[in-house]
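**Student:**
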Amino acid sequence: MFSRVKARLSPGSTLSLILDGIKAGVSREALTDALSWVGCQLLKEDQPSTHSKDVATYFVAAHELVFLNTASHHVLIGVFQRGKTIELLSTHLAAHLFAAMCALGVGDRLLL
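Going by my numbering, the sequence shown opens with residue 12, and the numbers climb by one from there.
1. Give the secondary structure of residue 95 by DSSP, where H, G and I count as helix, E and B as strand, and everything else as coil.
2. Out of 107, 36, 44, 112, point me to the one whose CA is closest to residue 83's CA.
3. Measure the Cβ-Cβ separation of residue 65 and residue 23 and say whether it is below 7 Å.
4. Looking at residue 76: is its Cβ nearer than 7 Å to the Cβ of residue 100?
5. In angstroms, rounded to a whole number, what distance separates the CA positions of residue 74 and residue 50?
6. Run through DSSP, which three-state label would residue 28 get?
7. Taking the beta carbon of residue 85 as the centre, do at least 16 other beta carbons fall within 10 Å, making it buried, or is it exposed?
8. Short of 6 Å in beta carbon distance, which residues of its chain neighbour residue 91, apart from the five on each side in sequence? Order them along the chain.
9. Report the CB separation of residue 104 from residue 45 in whole angstroms; it is logged as a contact under 8 Å.
10. For residue 110, which of 19, 70, 87 has the nearest alpha-carbon?
11. Beta-carbon separation of residue 115 and residue 87 under 7 Å?
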């Protein structure tokens with residue numbers, strides 16, 4: 012399902028489906044495949060900082076799938092080093108992002 016749907020959806024919409032899929036018990040292989048596609052799409056963006064919500068959701072999904080070490084990329088992590096990017100996220104998403112980044116070993120000074 013994800014391989015057919017992801018070609019027609021934005022990364023943000025695909026991430027929502029991935030998070031729903033985690034809750035619904037969709038196979039990890041299908042979800043990590045879709046997440047890899049999203050990561051590639053986010054890296055293709057000209058201005059990844061404009062999609063900070065998508066990047067944060069990407070890391071949250073990777074954390075929930077225990078896929079962080081594979082999914083992490085310095086360019087995507089760098090999105091949160093620019094300006095007040097984290098302040099633009101909801102408190103709920105920022106808390107989940109913080110947990111994911113700590114699990115990845117990213118220092119809390121980067122996020123705070």
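Even for Gly, the Cβ is constructed at its ideal location relative to N, Cα and C.
**Tutor:** Let me lay it out:
1. coil
2. Among 107, 36, 44, 112, the Cα nearest to that of residue 83 is on 112.
3. yes
4. No, the pair does not count as a contact, with Cβ atoms beyond the cut-off.
5. 13 Å
6. helix
7. Around the Cβ of residue 85, a 10 Å sphere holds fewer than 16 other Cβ atoms; the residue is exposed.
8. 97
9. That pair is no contact at about 19 Å.
10. Per the Cα distances, 70.
11. no
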